[in-house]
Amino acid sequence: MGLKIDFHVHTCYSGDSSITLKEVVSFAKKRGLNGVAITDHNTLKGAQKLKTNEIIVVPGIEVSTWKKASAKFMKQAESQ
Ligand SMILES: [Zn+2]
Numbered sequence: 044m045g046l047k048i049d050f051h052v053h054t055c056y057s058g059d060s061s062i063t064l065k066e067v068v069s070f071a072k073k074r075g076l077n078g079v080a081i082t083d084h085n086t087l088k089g090a091q092k093l094k095t096n097e098i099i100v101v102p103g104i105e106v107s108t109w110k111k112a113s114a115k116f117m118k119q120a121e122s123q
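Following our numbering, the numbering of the sequence shown begins with 44 at its first residue and continues without gaps.
In structure tokens form, the structure reads like this:
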């Protein structure tokens with residue numbers, strides 16, 4: 044059985060979401076996810092602050108560029 048992970052989650056650190064880090068964990072568990080990638084806009088603050096053993100957290104970022112395009116960069120979460 045594979046892992047169920049949402050690879051595109053924004054938090055209140057993103058500027059376009061009001062979801063707290065605690066709510067991210069709660070919603071992920073309710074949806075039966077094993078983990079989430081926190082991909083806030085132009086910041087890693089939320090991804091770095093989310094410390095939990097309840098789900099896998101993959102730090103990521105959605106970077107705004109001068110062409111108003113976005114790119115996502117993710118790195119593998121450190122072992123939890
Ligand atoms: Zn996004």
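Heads up, the beta-carbon is just placed ideally off N, CA and C, and yes, glycines get one too.
- In the structure shown, residue 45 falls within a coil segment according to DSSP collapsed to helix, strand and coil.
- In this structure, 104 is the residue among 46, 72, 104, 55 with its C-alpha nearest to the C-alpha of residue 82.
- Between the alpha carbons of residue 72 and residue 62 lies a gap of roughly 15 Å.
- The beta carbons of residue 68 and residue 95 sit closer together than 7 Å.
- Between ligand 1 and residue 105, a heavy atom-to-CB distance of less than 6 Å is present.
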